Amino acid sequence: MSHRVMRTALSAFCLLLPAVAAATDLIPVENFARHALLSMPTLSPDGKHLAVNMNEIDGDSHMLAVYDLDDMTRPISMLRLPKYELATGITWVSNTRLVVEKGKQYGSIDKPVRTGEILATDIDGKHQDYLYGFESKFGTRAATRGTDRGWGFVDGLPTPVNGHFYMATQNWDNNDYSTLYDVDASRNTRKLIGKIGVGGLSFMVDAAGQAVYAYGRDDSWNYVVYRQGPHGWLQLSAATIGGSFTPLFPTPDGKRIYAKYDAGGGPLSLVEQDEDGGNRKTLASDAFSSIGNIQWTALPYRPFATTPATGLPMVTYIDATSPEGKLHQALSLKFPGKLVNFINYSEDGGKLLFSVSSDRDPGTYFLIDTHVYKVTKLFAVAPWIDPTKMAERRPLHFRTDDGVELDAILTIPNGVNPRNLPMVLLPHGGPVGVQDDWFYDTDAQFLANRGYLVLQVNYRSSGGRGADFLEAGYLKWGTRIQQDLIDGVKWAIAEKYADPQRICVYGGSFGGYSAMMTTIRAPGMFKCAVGYAGIYDLAMMYKKGDIKSNESGRSYLKTVIGKDDADLAANSPDKLADKIDVPVLLIHGEDDKRAPFAQAKAMRAALDAAHKPYEWLSKPGEGHGFYDEKNNIEFYNRLQAFLEKHIGKGA
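What the sequence shown shows, in the working numbering, is residues 24 to 674, in sequence order.
Written out as structure tokens, the structure reads:
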């Protein structure tokens with residue numbers, strides 16, 4: 024899509040948007056540092072209860088809360104978890120029983136890390152049981168469950184629910200196997216229904232409860248798909264799976280499947296096909312972007328609408344005349360300028376949990392009775408955020424110096440002419456498979472509220488555009504990826520959005536790496552750089568941090584950064600500190616497992632040795648990104664002061 028066409032589509036979409044503040048109102052930094060109190064809601068099969076993750080005010084303690092939907096004033100039960108632990112998955116296996124996947128929150132940048140432990144509880148908080156995990160301390164089979172030397176994951180549900188779920192496991196002592204069990208969550212018993220001699224795979228189960236597909240990245244970081252045949256598992260050829268292939272659900276008649284597929288490494292389409300790949304029919308596709316969110320009907324599942332994974336989330340209806348399609352269109356008219364997302368139905372289809380969100384709105388959850396069309400507001404993700412005071416996030420496309428079309432997001436401060444503004448380049452983390460999208464972004468909104476234009480580029484290796492685009496950044500972390508970011512800045516300057524004399528770069532994790540590398544690759548372009556929980560020494564990733572802790576992680580490193588010592592040094596900011604010609608702010612958690620504190624100390628030592636100016640902020644007890652709200656307030660204040668010092672106050 025050309026930039027002109029994108030602008031036309033954007034203009035049409037923005038006609039639906041609510042009026043925004045005429046000028047930027049300075050919002051207290053505390054509002055950007057606060058944690059959402061409720062998250063991950065899911066509706067019970069009978070539509071009578073809601074399970075949700077609840078955070079304590081301090082943000083460090085979490086619990087699973089269950090509400091009666093007739094009275095949302097207080098939960099009917101709470102399952103408290105140890106400090107820093109939370110539910111990463113909540114699954115209703117019956118009207119009265121829940122399965123919880125445990126995780127740990129190591130910081131604000133990465134998603135919580137699953138511990139591989141699975142618990143179960145009744146909605147009244149009773150009959151709590153430990154279903155899988157090495158630290159079993161309670162439950163009907165605590166002694167034997169303590170011998171589970173590995174990770175367990177919820178990998179599907181029978182439909183309709185019957186108190187069981189499908190659990191995939193990966194054993195620490197024998198990681199050459201992936202296994203799948205049918206688990207009775209009330210009796211805490213298991214039945215093996217799938218096993219394959221490849222580690223790290225997920226499964227798809229058919230309507231009869233049989234494992235029919237195993238798929239994912241193996242220990243060599245190759246994407247593989249296997250299909251169960253009469254004589255065991257058969258690996259599907261590259262010609263069959265294309266660039267990548269992900270089975271989703273059986274069709275209602277059980278004879279075919281829905282899947283994501285691309286023929287040769289391009290954007291993923293939504294398809295319907297035979298189990299063996301035959302008679303493939305494309306249901307939704309886009310030339311530039313993979314299919315992102317899929318809207319499903321109530322049981323039996325059928326896709327009725329999709330949105331693209333990049334750019335504006337414009338809805339394309341596969342079946343606009345279905346009851347669900349009509350309902351989605353009607354609700355979308357009630358919430359102009361926002362995306363309506365169906366989360367889950369009661370099994371009879373009579374109740375529907377849905378969310379509404381946008382670039383300015385972190386989101387609100389609602390319940391609708393589909394018989395009488397009564398809508399009830401349940402809760403807002405961040406009720407202290409006023410969407411009318413937030414900034415527009417404008418999707419755009421531009422071309423790099425080698426002719427590749429990239430997408431990006433430009434966040435524009437309210438009430439100002441978007442011309443020659445001070446700008447912050449905000450590269451995302453990852454880098455592989457991660458992307459910036461149109462929806463609410465806390466960092467971007469904070470910076471825009473302080474008057475800075477914010478540019479976020481989906482460089483090569485970002486998600487949302489298929490396997491070829493993902494792999495285009497392999498072994499090019501310090502070169503092509505950085506040039507993509509630099510080309511984005513050049514575009515913003517050429518379009519007169521950014522003042523070329525007032526540009527800074529700030530990023531977290533891989534974005535922190537990019538904050539240093541872009542200043543090295545484009546001397547004179549930036550006036551300052553902020554690295555937050557960054558990676559600064561590529562070779563160190565093989566020695567320190569959690570990525571190297573298993574074979575799959577080590578294969579990932581070999582694939583994406585390589586093993587050549589000279590090449591790693593040539594693309595490591597701490598080895599090139601003498602080339603950094605701008606003031607630097609380094610921020611790091613001292614207990615970071617993903618990008619260890621040693622990374623920040625190496626960068627600091629290199630800046631000292633090169634006699635380069637820098638500022639420093641580190642916090643004990645913090646992981647990959649600050650989690651404590653007080654530390655986040657200090658971080659945002661330091662960031663604002665640093666930007667004002669080097670590129671002036673915002674517009």
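A virtual CB, placed ideally from N, CA and C, is assigned to each residue, including glycine. Quick caveat, the model's predicted, so the values are computed rather than measured.
- request: Could you have a look at ILE670 and say whether DSSP puts it in helix, strand or coil?
  value: The answer is helix: DSSP assigns ILE670 an H, G or I state.
query: Less than 8 Å separating the beta-carbons of GLU638 and PHE665?
result: Taking 8 Å as the Cβ cut-off, GLU638 and PHE665 qualify as a contacting pair.
query: So which of GLY232, TYR200 and GLY456 has the shortest CA-CA distance to VAL206?
result: Among GLY232, TYR200 and GLY456, the Cα nearest to that of VAL206 is on GLY232.
query: Between TRP174 and SER225, what straight-line distance do the alpha-carbon atoms span, to the nearest angstrom?
result: Cα-Cα distance, rounded: 12 Å.
query: Closest to ASP371 by CA distance: which of ASN118, PRO273 and THR96 is it?
result: Residue ASN118 is the option with its Cα nearest to ASP371.
Cutoff 8 Å; reference ILE509; Cβ partners in own chain excluding five residues on either side: Taken in chain order, the residues that qualify are THR541, ARG544, ALA545 and MET548.
field: CA-to-CA distance, ARG627 to PRO64, given in whole angstroms
entry: Between the alpha carbons of PRO64 and ARG627 lies a gap of roughly 42 Å.
field: Range of the contiguous beta strand (DSSP E) that encloses ILE610
entry: Counting along the chain, the beta strand (DSSP E) containing ILE610 begins and ends at 607-612.
task: Find the nearest neighbour of ASP590 within the set TRP500, LYS642 and GLY644, judged by alpha-carbon distance.
output: For ASP590, the closest C-alpha among the options TRP500, LYS642 and GLY644 is that of TRP500.
- request: Mind listing, in chain order, the continuous beta strand (DSSP E) runs of no fewer than 3 residues lying wholly within the stretch 613-639?
  value: Correct list: empty.
message: Which residue marks the beginning of the beta strand (DSSP E) containing PRO725, and which one marks its end?
response: As shown, the chain starts at 24 and ends at 674. That puts residue 725 outside it, with no answer to give.
Reduced DSSP category for ASP392 - H, G, I as helix; E, B as strand; rest coil: ASP392 falls in the strand class under three-state DSSP.
query: Given that a residue counts as buried once 16 or more other Cβ atoms are within 10 Å of its Cβ, and exposed if not, what is SER308?
result: Buried.
With 16 other Cβ atoms within 10 Å as the buried cut-off, status of HIS669: Here HIS669 is buried: its Cβ has 16 or more other Cβ atoms, across all protein chains shown, within 10 Å.
query: Does the stretch 112-132 come close enough to the stretch 56-71 to have 3 or more Cβ pairs within less than 8 Å?
result: Result yes; three or more Cβ-Cβ pairs closer than 8 Å.
message: Would ALA490 and GLY239 be called neighbours here (beta carbons separated by less than 8 Å)?
response: No, the Cβ-Cβ distance between ALA490 and GLY239 is not below 8 Å.
message: I need the boundaries of the beta strand (DSSP E) containing TRP514, first residue and last residue.
response: Segment 503-517 is the alpha helix (DSSP H) holding TRP514; no beta strand (DSSP E) there.
- request: Note the first and the last residue of the continuous beta strand (DSSP E) segment covering VAL190.
  value: In the sequence as presented, Val is not what sits at residue 190; that position holds Met. Residue range 187-194 is occupied by the beta strand (DSSP E) that includes MET190.
- prompt: On the three-state DSSP scale, how would you describe LYS642?
  reply: Under the three-state reduction of DSSP, LYS642 is assigned to strand.
field: Straight-line gap, ALA618 to GLY557 (C-alpha atoms, nearest Å)
entry: About 6 Å.
message: Would the stretch 479-486 count as touching the stretch 563-572 if we require 3 or more Cβ pairs under 8 Å?
response: The answer is no - the stretch 563-572 does not touch the stretch 479-486, with fewer than three Cβ pairs under 8 Å.
- request: Quick one: using the 10 Å Cβ neighbour count with 16 as the cut-off for buried, is GLU53 buried or exposed?
  value: Exposure of GLU53 is indicated by the presence of fewer than 16 other C-beta atoms within 10 angstroms of its C-beta.
- prompt: In its own chain, which residues sit with a C-beta less than 6 Å from the C-beta of PRO183, not counting the 5 before and 5 after it?
  reply: The residues are GLU370.
- request: Give the DSSP bridge partners of GLU79, in chain order.
  value: The partner list for GLU79 (beta bridge, DSSP) is empty, contrary to what the question assumes.
query: How many Å lie between ALA515 and ALA521 at the Cα?
result: Taking the straight line joining both Cα atoms gives about 6 Å.
query: How about LEU291 and ASN211: do their beta carbons lie closer than 8 Å?
result: Remark: C-beta atoms of LEU291 and ASN211 do not approach each other more closely than 8 Å.
Simplified DSSP state of MET563, which is helix, strand or coil: When DSSP states are grouped into helix, strand and coil, MET563 belongs to the helix group.
ARG172 classed as buried or exposed, judged by whether at least 16 other C-beta atoms fall within 10 angstroms: Per the 10 Å Cβ criterion, exposed.
query: Using the rule of at least 16 other Cβ atoms within 10 Å of the residue's Cβ for burial, across every protein chain shown, is LYS653 buried or exposed?
result: It is exposed - the Cβ of LYS653 has fewer than 16 other Cβ atoms within 10 Å.
- request: Starting from the C-beta of ASP424, find all residues in its chain whose C-beta is less than 6 Å away, skip the five residues before and the five after it, and write them out in chain order.
  value: Sequence-distant Cβ neighbours of ASP424 in its own chain, meaning closer than 6 Å and more than five residues away, are ASP510.
field: Status (buried if at least 16 other CB within 10 Å, exposed otherwise) for ASP94
entry: Exposed: under 16 other Cβ atoms inside 10 Å.
- request: Taking all protein chains shown into account, decide if MET227 is buried (16 or more other Cβ within 10 angstroms of its Cβ) or exposed.
  value: Counting Cβ neighbours within 10 Å, MET227 comes out buried, since at least 16 surround it.
task: Could you check which residue in ALA552, GLU79, MET446 and ASP604 has the C-alpha nearest to that of VAL512?
output: Checking every option, the nearest Cα to that of VAL512 belongs to MET446.
message: Please state whether the Cβ-Cβ distance between PRO331 and ILE317 is less than 8 Å.
response: Inclusion of PRO331 and ILE317 in the CB contact set at 8 Å is not warranted, their separation being larger than that value.
- request: For ASP48, count neighbouring Cβ atoms within 10 angstroms of its own Cβ and tell me buried if that reaches 16, exposed if not.
  value: Counting Cβ neighbours within 10 Å, ASP48 comes out exposed, since fewer than 16 surround it.
- prompt: Straight-line CA distance for GLY673 to LEU293?
  reply: Rounded to the nearest angstrom, the gap between the Cα atoms of GLY673 and LEU293 is 43 Å.
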